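*Asks:*
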Amino acid sequence: MVKLSISARFSGLLGVGWIVGIGLATAQPTPTPGIALPLNDLSAFAAPTPNWRIAGGVRADLNKENTLTTEKGMGVLVNIPLAHPTADPKNPYKYDLFTTLQHGDVDLELDYMMASKSNSGVYLQGRYEIQLRDSWEIRKPNVHDNGGVYERWDEKRPEGHKGYEGHAARQNASRAPGLWQHMKISFQAPRFNANGQKTENGRVIRVELNGVIIQEDVELTGPTRGSAFDDEKALGPLRIQGDHGAVALRNIRYITYDKPRPELMNLKYAVYKGKFQKEPEYDKTAPESEGATKILSASVSRIPNEFLIRYTGTLRVSEPGEYSFNLGVPGGGGMMKINNQSVIAPGEWNAKGKATLSKGDLPFELLYSKFVDWAQPALGLTVAGPGIREYAISDGVGGTGEEVDPIIVEAPTNTILRSFMDMPGEKNTQGRTLRVTHAISVGSPEQVHYTYDLDKGALVQVWRGGFLDATPMWHERGDGSSRPLGMVQRLGAPVLFLSKLASPQANWIADTTGSNYHPKGYVLDESDRPTFRYQSYGASVEDKIRVLNEGKGVQREVTITNPASDLYARLISGSSISALENGMYLVDGQEYVRIDDVAGAKPTIREANGRQELIVPVKGKLTYSILF
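Mapping of the sequence shown onto full-length UniProt numbering: position 599 corresponds to residue 599, and the numbering continues sequentially without gaps.
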């Protein structure tokens with residue numbers, strides 16, 4: 001099923017007039033690397049209990065519930081629940097970990113690993129829980145699953161309704177237990193007046209799990225269930241749940257936003273009528289209107305088109321440092337000066353600028369020239385600085401050009417779509433992002449999907465969650481490409497799956513030259529699942545990829561008829577491949593490869609071009625699985 005919902009907005013303008021303008025989209029606060037929480041010891045935490053420890057490495061066993069194995073060293077925070085914990089009615093959260101850090105508005109970024117069937121959580125200010133849980137087998141997450149904003153609780157409510165206001169993740173973007181997951185959280189603390197009365201609820205502005213946005217703009221009317229505090233405050237500690245299940249965390253970084261925002265003061269405007277190709281001479285040009293105002297806005301002009309607004313005033317800066325500005329001026333262009341220095345100069349397309357500002361009252365000037373009649377007037381300016389999250393210092397924002405509702409391809413049944421597929425992080429010979437031009441993407445109702453490269457018989461990527469965003473392919477003329485919607489495991493630049501090697505250390509063939517590779521398309525089974533066919537080195541190949549039970553990954557069964565001698569299959573590549581037990585391999589901490597049947601052949605981990613590869617001799621048929 002394809003969902004088509006397109007709403008037209010004005011297009012961006014390029015190369016018109018004396019100032020080139022770009023619209024401004026409301027920026028989403030995205031956590032960026034900030035201050036690292038030290039994990040050389042437990043000194044960053046208040047009164048840690050014996051279930052918490054610092055380790056150098058950690059590993060989970062898929063077949064052992066709630067179990068993590070640690071290695072000596074530093075850098076990883078691990079919770080191993082005690083075998084016989086003692087309850088303390090006066091301190092029911094004694095096994096949880098509280099930071100000495102007290103935060104208000106914060107961006108938090110961390111890696112974490114769940115043990116099988118384990119459950120934990122991160123509490124912002126010790127009060128508002130973002131759930132951490134092994135949700136590997138979950139198809140449709142609820143508020144108790146990974147990435148959920150946990151529910152509030154009221155015992156006075158009737159049965160079945162005691163929990164309320166929980167927010168499940170939009171989709172399951174979780175990885176398997178024992179694999180490192182990455183989470184980014186942007187949080188806005190509740191606001192209070194001078195009398196301590198709450199004037200604004202807290203908000204989870206955004207949660208991103210493994211590169212997928214799963215929560216946006218969730219209002220928190222009060223603490224979630226299990227809060228360590230009954231009240232709400234402007235500040236509170238980070239808290240990690242320690243009484244439920246085994247969990248490991250690393251690379252915990254945060255940015256706090258506790259500095260006063262810059263203020264625009266003594267703001268005045270003057271509106272000039274005309275199509276201004278250059279900045280007017282103000283002493284020789286009479287304004288159409290002028291006056292004082294409290295905020296930047298395009299509404300001070302009553303002229304629908306061909307006008308210029310000049311704002312002047314004072315920017316009061318309380319916190320010195322580097323500031324970033326993003327100016328939106330649809331249908332025209334803009335310029336901005338602070339302290340008589342150009343911050344956004346005429347002719348800059350991206351309408352962004354940075355300036356190092358000293359503390360004090362600084363002269364401010366901003367121009368907006370409007371000269372395109374099909375665009376609605378709008379003016380937007382956002383500011384971000386040291387200890388200051390990006391915010392709008394104007395009454396509105398402009399548009400980034402024509403935007404459309406996404407064209408989404410869902411997979412309620414087994415679904416196939418052919419498109420181009422870009423491979424971020426991989427480059428072609430021209431140094432550009434690699435594009436797979438003969439990509440087949442296969443979606444499943446289990447919400448586990450993959451992309452196959454018909455040019456090389458290669459499995460390109462696998463992912464969990466939504467299927468495809470086909471907007472780039474089908475909007476207007478399109479560029480022929482689509483994008484995965486879920487948590488993607490990219491498997492590197494595609495190469496031939498099969499190659500003849502004189503020895504296990506010989507170079508893998510770089511292209512199809514000499515392989516006699518000929519694609520033969522695919523056939524569908526009774527459930528519309530494809531089996532790909534091709535010829536290589538004189539052998540006939542059938543390549544069947546199927547989703548594993550409970551959506552745990554995919555299994556690949558490759559049948560080679562009349563295989564040539566010295567034929568090898570390249571199963572996976574990565575920066576690091578570690579052999580585990582029972583035919584399992586861990587690749588970069590991001591996926592498992594399980595050898596199911598290779599007819600007794602022995603897989604080899606080898607070095608190649610600064611990476612590692614897992615290869616195996618081919619004896620006619622091989623089966624392996626990728627679990628992620």
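Ideal placement from N, C-alpha and C gives every residue a C-beta, glycine not left out. Note that the coordinates shown come from a computational prediction; the quantities given were computed from them, not determined experimentally.
(1) Could you check the C-alpha separation between residue 58 and residue 196 for me, to the nearest Å?
(2) Taking C-beta to C-beta, are residue 106 and residue 254 nearer than 8 Å?
(3) For a test of the three-state rule: what should DSSP assign to residue 472, helix, strand or coil?
(4) Residue 534 to residue 180, Cα distance in whole Å?
(5) Three Cβ pairs or more, each shorter than 8 Å: is that satisfied between the region 102–119 and the region 181–191?
(6) Is it buried or exposed for residue 461, if we count other Cβ within 10 angstroms and need 16 for buried?
(7) If you compare alpha carbons, which of 78, 560, 494 is closest to residue 453?
(8) Are residue 423 and residue 442 close, meaning C-beta to C-beta below 8 Å?
(9) Give the list of continuous beta strand (DSSP E) stretches no shorter than 3 residues that lie fully inside the region 104–166.
(10) Restricting to runs no shorter than 4 residues, where is the alpha helix (DSSP H) found entirely within the UniProt domain "PA14" (262–397)?
(11) Which term fits residue 35, buried or exposed, when burial requires 16 or more other beta carbons within 10 angstroms of its beta carbon?
(12) Just the C-alpha distance for residue 398 and residue 515, rounded to the nearest angstrom, thanks.
(13) Can you tell me which residues form a DSSP beta bridge with residue 423?
(14) Starting from residue 185, trace the beta strand (DSSP E) both ways and give me its first and last residue.
(15) Name the two residues that bound the continuous beta strand (DSSP E) containing residue 52.
(16) Should residue 326 go down as buried or exposed, given a rule of 16 or more other Cβ atoms within 10 Å for buried?
(17) So residue 368 and residue 379 are supposed to be a Cβ contact under 8 Å. How far apart are they, rounded?
(18) Taking only runs of the beta strand (DSSP E) that begin and end inside the region 525–563, which ones reach a length of at least 3 residues, in chain order?
(19) So residue 161 and residue 149 are supposed to be a Cβ contact under 8 Å. How far apart are they, rounded?
(20) Would you kindly report the start and end of the unbroken beta strand (DSSP E) that includes residue 463?
(21) For residue 631, report the span of its beta strand (DSSP E) as first-last.
(22) Run the CB neighbour count on residue 421, radius 10 Å, all protein chains shown included, and call it buried at 16 or more, exposed below.
(23) Is the beta carbon of residue 554 less than 8 Å from the beta carbon of residue 626?
(24) What does a CB cutoff of less than 8 Å around residue 562 pick up in its chain, not counting 5 residues either side in sequence?
(25) So residue 394 and residue 297 are supposed to be a Cβ contact under 8 Å. How far apart are they, rounded?
(26) Which word fits residue 31, buried or exposed, when buried means at least 16 other C-beta atoms lie within 10 angstroms of its C-beta?
(27) Taking only the alpha-carbon atoms, compute the straight-line gap between residue 152 and residue 219 and give it to the nearest angstrom.
(28) Could you check if residue 524 is buried or exposed, using at least 16 other CB atoms within 10 Å of its CB as the buried criterion?
(29) Report the residue from 239, 213, 174, 353 whose alpha carbon sits nearest the alpha carbon of residue 121.
(30) In the DSSP assignment, the beta strand (DSSP E) including residue 453 goes from what residue to what residue?
*Replies:* Quick answer:
(1) Here residue 58 corresponds to residue number 58 of the sequence shown, with the count starting at 1. Here residue 196 corresponds to residue number 196 of the sequence shown, with the count starting at 1. So the alpha carbons of these two residues sit roughly 44 Å apart.
(2) Mapped onto the sequence shown, residue 106 falls at position 106. Mapped onto the sequence shown, residue 254 falls at position 254. Yes, Cβ-Cβ distance for residue 106 and residue 254 is below 8 Å.
(3) Translated into positions along the sequence shown, residue 472 becomes position 472. It is helical.
(4) Here residue 534 refers to the residue found at position 534 when the sequence shown is read from its first residue. Here residue 180 refers to the residue found at position 180 when the sequence shown is read from its first residue. Approximately 36 Å between the Cα atoms of the pair.
(5) yes
(6) Residue numbering aside, residue 461 sits at position 461 when the sequence shown is read from its first letter. By the 10 Å Cβ count, residue 461 comes out buried.
(7) On the sequence shown, position 453 is the one that residue 453 refers to. The shortest Cα separation from residue 453 among 78, 560, 494 belongs to 494.
(8) Mapped onto the sequence shown, residue 423 falls at position 423. Mapped onto the sequence shown, residue 442 falls at position 442. Result no, Cβ atoms of residue 423 and residue 442 do not sit closer than 8 Å.
(9) 105–114, 119–124, 128–133
(10) none
(11) As a working note, residue 35 is residue 35 in the sequence shown. The residue is exposed, with fewer than 16 neighbouring Cβ atoms inside 10 Å.
(12) In the sequence shown, the residue the question calls residue 398 occupies position 398. In the sequence shown, the residue the question calls residue 515 occupies position 515. Low per-residue confidence applies at residue 398: pLDDT is 48, beneath 50, and the placement is therefore not dependable, though the value from the model is reported in the following sentence. About 54 Å.
(13) Locating residue 423 in the sequence shown gives position 423, where the first residue counts as 1. According to DSSP, residue 423 bridges with 434.
(14) Numbered from its first residue, the sequence shown carries residue 185 at position 185. First-last of the beta strand (DSSP E) with residue 185: 181–188.
(15) Translated into the one-based positions of the sequence shown, residue 52 becomes position 52. Unbroken beta strand (DSSP E) run through residue 52: 52–60.
(16) Along the sequence shown, read from residue 1 onward, the residue named residue 326 stands at position 326. Residue 326 comes out buried.
(17) Reading the sequence shown from its first residue, position 368 is the one you call residue 368. Reading the sequence shown from its first residue, position 379 is the one you call residue 379. Right, the Cβ-Cβ distance comes to about 5 Å (below 8 Å), so this counts as a contact.
(18) Taken in chain order, the complete beta strand (DSSP E) segments of 3 or more residues contained in the region 525–563 are 530–536, 539–547, 553–561.
(19) As a first step, residue 161 is located in the sequence shown; it is residue number 161 there, counting from the start. As a first step, residue 149 is located in the sequence shown; it is residue number 149 there, counting from the start. Rounded, the Cβ-Cβ distance is 18 Å, inconsistent with contact.
(20) Reading the sequence shown from its first residue, position 463 is the one you call residue 463. It spans 458–464 - the beta strand (DSSP E) in which residue 463 sits, taken as one unbroken run.
(21) Since the first residue shown for the chain is 1 and the last is 628, residue 631 is missing from the structure and cannot be characterised.
(22) Along the sequence shown, read from residue 1 onward, the residue named residue 421 stands at position 421. Buried.
(23) For the purposes of this step, residue 554 is taken as residue 554 along the sequence shown, with counting starting at 1. For the purposes of this step, residue 626 is taken as residue 626 along the sequence shown, with counting starting at 1. Yes. Within cutoff.
(24) Locating residue 562 in the sequence shown gives position 562, counting from the first residue. 538, 539, 540.
(25) Numbered from its first residue, the sequence shown carries residue 394 at position 394. Numbered from its first residue, the sequence shown carries residue 297 at position 297. Yes, they are in contact, since the Cβ atoms of residue 394 and residue 297 sit about 6 Å apart, within 8 Å.
(26) If you number the sequence shown from 1, residue 31 lands on position 31. Below a pLDDT of 50, predicted positions are generally treated as unreliable, and residue 31, at 47, falls in that range; the measurement from the model is reported next regardless. With 16 or more Cβ atoms within 10 Å of its Cβ, residue 31 is classed as buried.
(27) By 1-based counting over the sequence shown, the position of residue 152 is 152. By 1-based counting over the sequence shown, the position of residue 219 is 219. One C-alpha to the other measures close to 12 Å.
(28) What you label residue 524 is simply residue 524 of the sequence shown in a count that begins at 1. Exposed, because fewer than 16 other Cβ atoms sit within 10 Å of the Cβ of residue 524.
(29) Indexing the sequence shown from 1 puts residue 121 at position 121. Nearest C-alpha to residue 121: 239.
(30) Along the sequence shown, one-based indexing puts residue 453 at 453. Residue 453 -> beta strand (DSSP E) spans 448–453.
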